[in-house]
Amino acid sequence: MTTATRIPPTELPATIRAYLAAREAHDTEGALRALAPTAVVVDAGTAYRGTDEVRRFLTHAGSGFRWTSELVGAQREDDARWVVTHRLEGDFPGGVVELRSRFALDGGLVTELVIAP
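1 is the number of the first residue of the sequence shown in the UniProt record's numbering; add one for each residue after it.
Here is the structure:
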């Protein structure tokens with residue numbers, strides 16, 4: 001079993017930092033550049049596979065709501081796996097949630113991203 005180590009967000013791999021910056025800027029194409037063409041993104045139990053499905057997900061995720069996001073934690077699980085925790089506040093049901101984004105990297109690109117509370 002791997003024990004995660006808390007790290008400063010500045011120690012996240014450049015690929016993850018680039019993805020997060022693109023998402024914060026609502027830059028779908030920028031976020032996609034951090035992902036492998038065969039990447040899988042899982043959100044709310046639904047898997048989006050490959051560039052086209054992930055693009056649709058990124059374009060529509062959170063649409064219809066206004067929200068702010070604050071990065072509140074980062075962890076390194078091993079050389080290929082990282083976890084980022086964001087606190088979201090907005091006009092969505094419940095109003096506040098902490099989401100953990102679990103990234104798997106291979107060859108400098110994100111191959112899997114699982115987003116869950």
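Glycine is no exception: its CB is placed at the ideal position from the N, C-alpha and C atoms.
DSSP places F92 in the coil class of the three-state scheme, outside both helix and strand. Residue L113 holds the alpha-carbon nearest to the alpha-carbon of R81 among H26, L113 and D91.
At least 9 Å separates the beta-carbon of A36 from that of V83. Here G107 is not near R6, since their CB atoms are 9 Å or more apart. Using a 10 angstroms sphere on the CB of A25, the tally of other CB atoms stays under 16, which defines it as exposed. Inside the stretch 32–89, DSSP marks whole beta strand (DSSP E) runs of 3 or more residues at positions 35–43, 46–49 and 67–76, from first to last along the chain. DSSP links T5 through a beta bridge to R76.
For H86, the CB contacts under 6 Å within the same chain, skipping 5 residues up- and downstream, are S69, L71 and L99 in chain order.
Note that the stretch 17–32 touches the stretch 48–59; at least 3 beta-carbon pairs, one per stretch, sit closer than 8 Å. Taking V41 as the centre and dropping the five residues before and after it, the same chain places the C-beta of Y48, V54, F57 and L113 closer than 7 Å to its C-beta, in chain order.
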